[in-house]
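Mapped onto this note's numbering, the consecutive letters of the sequence shown carry residue numbers 2 to 279. Encoded as structure tokens, the structure appears first; notes follow it.
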Amino acid sequence: MSAPSVRELLAGAVAEIAAAGVDTPQLDAEVLLAHVLDWPRARLLTESDRAIDGARADVFSRAVARRAAREPVAYITGTRYFRRIALHVNADVLIPRPETELLVAVGLGLPPGTRVLDVGTGSGAVALALADERPDLRVTGSDVSEAALAVAAANGRRLGLKVDWLHADLLDGVPAVFEAVLSNPPYVAAGDRECLAPEIVDYEPALALFADDDGLAVIAALLDQLALRPRTRVVALEVGAGQAPRVGELMRAAGFDSVRSEPDLAGIDRVVVGERRT
2 MSAPSVRELL AGAVAEIAAA GVDTPQLDAE VLLAHVLDWP RARLLTESDR AIDGARADVF
62 SRAVARRAAR EPVAYITGTR YFRRIALHVN ADVLIPRPET ELLVAVGLGL PPGTRVLDVG
122 TGSGAVALAL ADERPDLRVT GSDVSEAALA VAAANGRRLG LKVDWLHADL LDGVPAVFEA
182 VLSNPPYVAA GDRECLAPEI VDYEPALALF ADDDGLAVIA ALLDQLALRP RTRVVALEVG
242 AGQAPRVGEL MRAAGFDSVR SEPDLAGIDR VVVGERRT
């Protein structure tokens, strides 16, 4: 039997992934095949008649089966692009989302030399993006998960970016030296679990997703700690849909007298920013 062509492999993969209920079967199939072949995606179109040897076709078939089981593409390829950097990711860390870039945007507006703490750094996305784009900032990433910190630290070494890493549960044991705190904390209410896509609930780390009390327990705990740290002049938190007003109230109660919300591309108030002006 002749070796299958790129076109044939893609057609079969698209059908298998679509049958699993995935919304983007063509895109996912192309990304996976380009990854297996180590090609740019555009080459799949220009060389669609190219025959692919059996070994690589088998690797692709296994990748497609994983996607059909609803495993996220980023975990299959091991890579997620975030702003200007390529991050290695695995099931120990959340997959960075475009809306989290709003946290980076807040960090980019900080004064030179600001000490910044990325709480719950995961893959290191926010911390490393800041180190990449604002090397004058003094950036630290922290996480309660040692496995996540290992991923972040490996990303930092591979990218050659200067970030310090701390193993900590929120601010417990963290020096009170940071002028700015940024965080994408767990903010999904435990009761909303059944509303999430299988890619999220079945594969991404629950520790980084879920919080009690309508999803605000971790946020409230972090702001309670920041209330006792007047040196922190800026805080920015990613939040869930509809949570921004309540998070704004919690920030004001913690001593941040100027509070604003930043919307994502869907118009949802996604990041709440608090500043101490007095």
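Note that CB positions come from ideal geometry on N, CA and C, so glycine has one too.
Cβ-based neighbour list, residue i, same chain, cut-off 6 Å, excluding 5 preceding and 5 following
i	result
Leu33	Ala64
Ser49	Val7, Arg8
Ala52	Ala4, Ser6
Ala169	Ser143, Val175
Leu172	Gln226
Gly241	Tyr188, Gly216
Val219	Pro186, Pro187, Ala212
Arg116	Arg139, Val178, Phe179, Glu180
Supposed close pair residue i, residue j - CB separation, criterion 8 Å
i	j	result
Met252	Val235	The pair is not a contact, with the Cβ atoms about 11 Å apart (cut-off 8 Å).
Val140	Ala153	Contact doesn't hold; Cβ gap of about 11 Å is too wide.
Ala255	Leu227	5 Å
Ala177	Arg135	That belief does not hold up - the Cβ atoms of Ala177 and Arg135 are roughly 22 Å apart, past 8 Å.
Leu129	Val164	6 Å
Phe61	Leu10	6 Å
Arg71	Asp203	6 Å
Cut-off 7 Å between Cβ atoms - residues of its own chain near residue i, not counting five sequence neighbours on either side
i	result
Ala191	Phe211, Asp213
Ile96	Pro73, Ala75, Arg81, Val90, Glu205
Ala126	Phe83, Leu88, Pro97, Thr101
Phe257	Val236, Gly275, Glu276, Arg277
Asp29	Ile18, Val23, Arg68, Val74
Glu147	His168
Ile77	Leu33, Ala64, Arg67, Arg68
Val306	What the structure shows of the chain is the stretch from 2 to 279, and residue 306 is not part of that stretch, so it cannot be assessed.
Same chain only: Cβ atoms within 8 Å of residue i, ignoring 5 sequence neighbours per side
i	result
Ala221	Asp214, Leu251
Arg159	His89
Glu239	Glu100, Thr101, Leu103, Leu104, Ser184, Asn185, Pro186, Tyr188, Arg271, Val272
Gly55	Ala4
Gly79	His89, Val90, Asn91
Arg85	Ala130, Asp133, Glu134
Candidates the options, of which the one nearest residue i by Cα
i	options	result
Asp144	Ile77, Arg116, Leu223	Leu223
Ala198	Glu17, Leu10, Asp24, Leu11	Asp24
Ile269	Trp166, Gln226, Ala245, Cys196	Ala245
Ile201	Gly121, Arg84, Trp40, Val94	Val94
Arg261	Gly108, Val248, Ala267	Val248
Ala151	Leu172, Thr78, Ser124	Ser124
Asp137	Thr122, Gly108, Ser146	Gly108
Ser259	Ala242, Val219, Thr279, Ala267	Thr279
Pro113	Glu180, Val219, Glu31	Glu180
Gly243	Thr122, Ala267, Val60	Ala267
Leu46	His36, Glu31, Gly13	Glu31
Ala66	Cys196, Ala43, Val117, Pro26	Pro26
Ala149	Thr115, Thr122, Asp59	Thr122
Gly13	Arg230, Ala58, Cys196	Ala58
Bridge-paired residues (DSSP) for residue i
i	result
Val273	Leu238, Ser262
Ala212	Ala190
Leu1	The requested residue 1 is not part of the displayed model; the chain covers only 2 to 279.
Leu167	Ser143
Ser62	DSSP, once it has assigned bridges, lists no residue as partnering Ser62.
Ala52	Ser6
Cutoff 9 Å: residue i Cβ touching any chain C Cβ
i	result
Leu160	In the structure shown, chain C does not exist; there is a single protein chain.
**OP:** Ignoring anything shorter than 4 residues or poking outside the segment 75-157, list the alpha helix (DSSP H) runs there in chain order.
**Re:** 102-109, 126-134
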